[in-house]
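Worksheet: one structure, shown below.
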Amino acid sequence: MLELLFGTTNPGKLRELRRLVSGLDVRVVSAEDLERSLPEVVEDGCTFHENAAKKASAYARFSGLHALADDSGLSVDALGGLPGVHSARWSDLDGLASPACAVPQAVARELGTELSPSSRDEANNDKLLAALAGVPEAQRGARYVAVLALARPDGTIAAQVEGICTGRIGHVRRGSRGFGYDPLFFPDEGAGPSAIPGDRRAAAPIVERTMAELESSEKDAISHRGAAFRALRPMLEKLAFDKSGR
């Protein structure tokens, strides 16, 4: 069995990955399973790709395992691509930070006092709603982007993949599932199935529901992270096969 460290402390992301590796001979390991804290990695890259690779490499060398790290976020058209690489801690930054490389002051600020995940999500969503106040429906387009980087135990990068989910930002929070900006993000029509095969309940078209209103299997089918994982799955399948010696 392939033991794969997923370098995140976000329980929502861990749940997603564990669902998505179902059927593979892969055990997703968390920092909690290792009973050690992950090394702190300053996410000062200009892109999701740079940050994901930097984290995966550090976590692999730290654990001696294959390691997976993601960098993901929300890019809003009306905000010039913000919050972008600052999505997770956008509420910590003053004003509308540049979507390019984080300046040193921003990095220091992002490593400040930790909020709980739920409190940070609320603060981020508050800031997004305020930034888009008065912006008409036609200009509220956005996309979720996820980059997954897979590192070998020696820290070298084995693969990087990207997934995108396009949609728009709503005016009020809807739904209690998911995390991050999910209660405000409406995926585009046609992004995925409107109902789960075999589900007898009447399901509204996905375009009429936020990510936070979708069932887990619906979200996996259309999410940015789900798309990235599906691109990475053949690599994990091969690694698991090689590990088993079959």
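Under our numbering, the very last position in the sequence shown is 393; numbers go up by exactly one each time.
Glycine included, each C-beta is placed from N, C-alpha and C at the ideal position.
- Pairing Y291 with A387, the inter-Cα distance amounts to about 29 Å.
- For the 8 Å CB-CB criterion, R287 and I316 form a contact.
- Looking at the DSSP output, A280 shares a beta bridge with no other residue.
- Bridge pairing for I304: A298 [DSSP].
- A straight line joining the alpha-carbon of A374 with that of G154 spans about 19 Å.
- In the three-state reduction of the DSSP assignment, H318 falls in the coil class.
- Taking each of A200, D273, P300 in turn and checking the Cα distance to R320, the smallest one comes out for D273.
- With respect to E150, R174 sits close: the two C-beta atoms are nearer than 8 Å.
- Ranking E179, A305, K390, Y328 by CA distance to the CA of R267 puts Y328 first.
- About 16 Å separates the beta carbons of A214 and A293, which is beyond the 8 Å limit, so they are not a contact pair.
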